[in-house]
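Engineer: In the working numbering, the protein residues as written are 49 to 206.
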Amino acid sequence: MPFRQLKLRRRCETILGHLDLTDPFSVDGLCARLAEQRGRPIRLHPLPKEAAESGVCGLWVGTSSVDYVFYEAQTSPLHREHIVLHELGHILFGHNALEGEENGTGIPAALGRTNYTTRQEQEAEMLASMIRSRAGLPGPGGGPGGTLERLETAMGVR
Ligand SMILES: [Zn+2]
């Protein structure tokens, strides 16, 4: 495994060490614990249709008091779960949230666009995959040999 990925994996393991991936694991439970640690609620919402149509599948938008995690709803439950875990990965790594503003509808208006670096994307993805395997969740790629499975193998997750 390349050194850079090994280091990334170590950083993920450190973060995971502070997480309680209790059995039975649930994404909702993880959100609740994370929200408690951060002292800010995390609200999950399906992505607005326009955003989903633009090819985005997940977003983390932070307002002054709440973290919103948006996910593409028109997909399989496993993929949806993976999208949420990926966004939680950004939160856990402390990447910058997209700034949002409360607008009275219960769903914030996002200001600007996401601008994560490739490295931040890899960090979030690696963490999401490691949470999955630690929690014993099946991979989202349709089992062994699926696209995601192969990607994870390439990234040294499994
Ligand atoms: Zn991302």
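Here a beta-carbon is modelled for each residue, glycine too, at the ideal position from N, C-alpha and C.
Using the Cβ count rule (16 or more neighbours within 10 Å means buried), how would you classify residue 138?
Structural biologist: buried
Engineer: My understanding is that residue 168 touches residue 141, with C-beta atoms under 8 Å, so please give their C-beta distance in whole angstroms.
Structural biologist: 7 Å
Engineer: Going by DSSP, what residues sit across from residue 91 in a beta bridge?
Structural biologist: 116
Engineer: Near ligand 1, which residues have their beta-carbon closer than 6 Å to a heavy atom?
Structural biologist: 134, 138, 164, 169, 172
Engineer: Do you know how far the Cα of residue 118 is from the Cα of residue 132?
Structural biologist: 8 Å
Engineer: Would you give the residue range spanned by the alpha helix (DSSP H) that residue 126 belongs to?
Structural biologist: Where residue 126 is concerned, the enclosing alpha helix (DSSP H) stretches over 125 to 141.
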